[in-house]
Amino acid sequence: MPVISQMKVTLRANGSLRAGVAIVVLMLTLTIAAPVVAPYDPLSTGPAMLEGPSLAHPMGTDALGRDLFSRILFGARLSLGAALLTMLLIVTAGVTLGLVSGYNGGWSDAILMRLADVVLSIPSLILALAIVGLFRAGLMSLVFALSGVWWVRYARLTRGLVLTSRERVFVEAARALGAGDSRILIRHVLPDILRSVTVVATLDVGSVVLAVSALTFLGMGTQPPTPEWGAMINEGKDFLFVAPHVMLFPGLALSLTVLGFNLLGDGLVDRIGATESRPR
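Sequential numbering from 1 applies to the sequence shown in this note's numbering.
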């Protein structure tokens, strides 16, 4: 099939994209298959406390004798799941508001941009902490807090892209043919800007994964004994010199995931740059 062949050529020619796809696919596969792949119940305690890596426990055990490999696999479901849900909410809200603001202009555009300026003037993690503090600590509170902070980035990005796109020839042609604003936005403007938004969103997934884990590390997300990478790193810090693997392996899983999405985003940037610079 032409599409599959083109994808193979793209992956062969782009090392960053190839590595990013491999890492992200691996992590997502392990996340989905956690109940099958995990050798132990992630909440099951045992007598082998703070045991180092072994055949029975490939990544060792924690202070309660729980298998770290199993907890990391199940923790990925929360860390990655929360990050992807957050990105979905961020992009949906930001792109929708940015489309309307950039296309219509006027007072709604002015209000949105001033709101964005205020939100962006405050460090995102501090603002997210304040929002979570208003509600009960938990993963969904964390998701909505991060979404409430980050959507403005995509609203500003989308608005800027729409301001350029709405002046393009195909938009003017659609308007001349009598197409309504909604049809122009959905059928013409949105597809034109979607590629750029997708690249930025891919690069941001790693940052959101880090933000989710950072807030959970501070006790604002899931609560023990639920496995989540940030919470596991927090639990492991007390045993850094006695059993460093308790903190090391969740940290490596987090770092590998962030690296994968960053490489994927960089590869997409290179791919789009090569496509746009190609003579037509």
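Positions of the beta carbon are idealized from the N, C-alpha and C atoms, including for glycine.
**OP:** Would you check if there are 3 or more beta carbon pairs closer than 8 Å linking the stretch 166-176 to the stretch 223-232?
**Re:** No, the stretch 166-176 is not in contact with the stretch 223-232.
Original post:
Nearest-angstrom Cα distance between residue 207 and residue 258?
Top reply: When rounded, the distance between both Cα atoms is 7 Å.
Original post:
Do you know how far the Cα of residue 135 is from the Cα of residue 141?
Top reply: Near 7 Å, if we compare the C-alpha coordinates of residue 135 and residue 141.
Original post:
Which residues bound the alpha helix (DSSP H) around residue 222?
Top reply: For residue 222, no alpha helix (DSSP H) encloses it, and the DSSP letter there is neither H nor E.
Original post:
For residue 67, which beta-bridge partners are listed by DSSP?
Top reply: Per DSSP, 61.
Subject >> Best match in 130, 58, 17 for proximity to residue 73 [C-alpha to C-alpha] >> reply: Here the closest residue by C-alpha is 58.
Original post:
Do three or more CB pairs link the stretch 98-110 to the stretch 73-88 at distances below 8 Å?
Top reply: Taking 8 Å as the limit for Cβ pairs, the verdict is that the stretch 73-88 does not touch the stretch 98-110.
**OP:** Mind checking which residues open and close the alpha helix (DSSP H) that includes residue 231?
**Re:** Per DSSP, residue 231 belongs to the alpha helix (DSSP H) from 229-236.
Original post:
Do you know whose CA, among 91, 27, 269, lies nearest residue 250's CA?
Top reply: Proximity to residue 250 across 91, 27, 269 peaks at 27, based on C-alpha coordinates.
Subject >> Whole-Å CB distance - residue 197 paired with residue 146, under 8 Å assumed >> reply: Going by Cβ atoms, the distance from residue 197 to residue 146 rounds to 18 Å, so no, they are not a contact pair.
Subject >> Rounded Cβ spacing between residue 264 and residue 202 (contact assumed at less than 8 Å) >> reply: Rounded, the Cβ-Cβ distance is 6 Å, consistent with contact.
**OP:** State the DSSP-derived secondary structure class of residue 49, mapped to helix, strand or coil.
**Re:** Judged by DSSP in its simplified three-state form, residue 49 adopts coil rather than helix or strand.
Original post:
With distances taken between CB atoms, is the gap from residue 52 to residue 46 smaller than 9 Å?
Top reply: No; because the gap between Cβ atoms is not below 9 Å, this pair is not in contact.
Original post:
Can you name the start and end residues of the alpha helix (DSSP H) that residue 244 belongs to?
Top reply: It is not in any alpha helix (DSSP H) - residue 244 carries neither H nor E in the DSSP assignment.
**OP:** Would you give the residue range spanned by the alpha helix (DSSP H) that residue 144 belongs to?
**Re:** Counting along the chain, the alpha helix (DSSP H) containing residue 144 begins and ends at 139-165.
Original post:
According to the Cβ coordinates, are residue 162 and residue 189 closer than 9 Å?
Top reply: Judged by beta-carbon spacing, residue 189 lies within the 9 Å limit of residue 162, meaning their Cβ atoms are closer than that value.
Original post:
Can you name, in chain order, every residue of its own chain whose Cβ lies under 7 Å from the Cβ of residue 30, other than the five neighbours on each side?
Top reply: Cβ-Cβ distances below 7 Å link residue 30 to 37, 73, 76 in the same chain, with the five nearest sequence neighbours on each side left out; the list follows chain order.
Original post:
Is it right to say residue 268 is buried, meaning 16 or more other beta carbons lie within 10 angstroms of its own, or is it exposed?
Top reply: Label assigned to residue 268: buried.
Original post:
Would the beta-carbon of residue 119 fall within 9 Å of that of residue 152?
Top reply: Result yes, Cβ atoms of residue 119 and residue 152 sit closer than 9 Å.
Original post:
Assuming residue 62 contacts residue 235 under a Cβ cut-off of 8 Å, what Cβ separation, rounded to an integer in Å, is found between them?
Top reply: Approximately 7 Å separates the beta-carbon atoms of residue 62 and residue 235; this is inside 8 Å, confirming the contact.
Original post:
Rounded to the nearest angstrom, how far is the Cβ of residue 211 from that of residue 125, given a contact under 8 Å?
Top reply: Their Cβ separation, rounded to whole angstroms, is 6 Å, which keeps residue 211 and residue 125 in contact under 8 Å.
Original post:
According to DSSP, is residue 170 helix, strand or coil?
Top reply: Of the three classes helix, strand and coil, the one that applies to residue 170 here is helix, per DSSP.
**OP:** Less than 8 Å between the CB atoms is what I'm expecting for residue 137 and residue 220, so what's the real figure, rounded?
**Re:** Going by Cβ atoms, the distance from residue 137 to residue 220 rounds to 5 Å, so yes, they are a contact pair.
Original post:
residue 176 by DSSP, collapsed to three states: which one?
Top reply: Looking at residue 176 - three-state DSSP - the assignment turns out to be helix.
Original post:
Hey, residue 40 and residue 94 are a contact pair by Cβ (cut 8 Å); roughly how many whole angstroms apart?
Top reply: The pair is not a contact, with the Cβ atoms about 40 Å apart (cut-off 8 Å).
Original post:
How should residue 71 be labelled, buried or exposed, when 16 other C-beta atoms within 10 angstroms of its C-beta is the threshold for buried?
Top reply: Its Cβ being crowded by 16 or more others within 10 Å, residue 71 is buried.
Original post:
Which of helix, strand or coil does DSSP assign to residue 124?
Top reply: Residue 124 carries a helical assignment under DSSP once its states are collapsed to helix, strand and coil.
Original post:
Whose C-beta lies closer than 8 Å to the C-beta of residue 233 among residues of the same chain, with five residues either side of it excluded?
Top reply: These residues qualify, in order along the chain: 213, 217, 247, 250, 251, 254.
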